[in-house]
Amino acid sequence: KIAVPSAATGFTVKSRSAPRRAAEERMDPASAATASAARTDAALSFLSVNTASAPQSATANAARDDSAAAEPNRSLSVASLSSVSAESDSGVPGFELDGVPITFRRAALEEVIGLRHEILKPGKFIKPYKQDAEPGTIHFGAFAEGKAVGCATYFLTMRDDRRAWKMRGVATSTPLAGRGIGSRLLACAEEQLRRDPAAQPPAVTVWAIARTDATVFYLKVGWRPEGEVYEVPNVGPHLRIMKELPLALSSS
């Protein structure tokens, strides 16, 4: 990795060098989708025999990117996005990579957990986040031939006495990284979050705790940093980021 100074934040972040990127094996979308299917099968197999203990066992993993940044976990009235169908128009058109259509939509946990685990928790047991079981949590996915090649999860929190969404578990299949899937996936999610019926005007707040080596990407798609870079033990430097999404105009 090479260090890239960021004028927007004033700190140094890391990026892949061009030789390393070129040296990485590039899998076509169909092959990536097949690999994702195998990951999902493994995830489902794990979950089927660990359902009872999954929420508790997820706590340690969740703490990795939540430490030193916990928000008050208050009781929320979950007027979720259930009124927006998972099959509704995402507002983000699909596109093709190497002739394979990539689509973006709401997803079930079972569709994305395999990919999420492989990219974010490689070499560890597949465990859901504790928030995966909370009311109102929603998942989004990018799909090639019906299998996940990108994912992101959002769950309800409170910030400054206002309802907000926290983003976690953002991942793109490694062979397809840097080809526009991640930015389109977040645009799909944000378009639907803007329709949150319980949001408080004038905007929907979305926030996250990002690794510093991913911060450049988020700044490019409209997020802004909050506070200072801090170290998460055994994980690395992180930074809190946020974005305000203007509420969608009501059609009524």
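Be aware that the sequence shown starts at 26, since it is given in our numbering, and climbs by one per residue. Cβ coordinates follow ideal geometry from the N, Cα and C atoms, glycine included. In this text, all values refer to a predicted model and were calculated from it rather than measured experimentally.
*asked:* Can you tell me which residues form a DSSP beta bridge with H263?
replied: Note: H263 sits in a beta bridge opposite R236 and Y255.
*Apply the 10 Å Cβ neighbour rule to G175 and answer buried if 16 or more other Cβ atoms are within range, or exposed otherwise.*
Buried, by the Cβ-count rule.
*Taking T197 as the reference, give the member of A239, K191, I206 and A189 with the closest Cα.*
I206
*Pick from I151, L264 and V246 that is closest to G252, judged by C-alpha positions*: L264
*From T34 to P262, what distance separates their C-alpha atoms?*
Unreliable placement is indicated for T34, whose pLDDT of 35 sits below 50; the coordinate value is still reported in the next sentence. One C-alpha to the other measures close to 14 Å.
*Is the CB-CB distance between H164 and A132 below 7 Å?*
A contact, by the Cβ cut-off of 7 Å.
_V117 vs A212 beta-carbon contact at 7 Å_ = Taking 7 Å as the Cβ cut-off, V117 and A212 qualify as a contacting pair.
*Nearest to D238 by alpha carbon, out of V229, E256, P200 and A169?*
E256
_Buried or exposed by the 16-neighbour rule on C-beta atoms within 10 Å, applied to E121_ = exposed
*Take Q225 and list the residues in its own chain whose beta-carbon comes closer than 7 Å to its own, dropping the five residues that flank it on each side.*
R187 and R188
*Residues that DSSP places opposite I23 in a beta bridge*: The chain is shown from 26 up to 277; residue 23 falls before or after that span and cannot be answered.
*Cβ of V125 within 7 Å of Cβ of A158?*
no
*Rounded C-alpha distance that separates A202 from N259*: 25 Å
*Would you say the beta carbon of L134 comes nearer than 6 Å to a heavy atom of the ligand ADP?*
You won't find the ligand ADP in this model; it holds no ligand whatsoever.
*State the DSSP-derived secondary structure class of L272, mapped to helix, strand or coil.*
It is coil, neither helix nor strand.
*asked:* Rounding to the nearest angstrom, what Cα-Cα distance links P279 and I144 in this structure?
replied: A question about residue 279 goes unanswered here, because the residues of the chain that appear run from 26 up to 277.
*Spatial neighbours of Y179 in its chain, beta-carbon cut-off 6 Å, leaving aside the 5 residues before and after*: The residues I163, W190 and M192, in chain order, have a CB closer than 6 Å to that of Y179 in the same chain once the five nearest residues on each side in sequence are set aside.
*Determine the burial state of P54: buried for a count of at least 16 other Cβ atoms within 10 Å of its Cβ, exposed for fewer.*
buried
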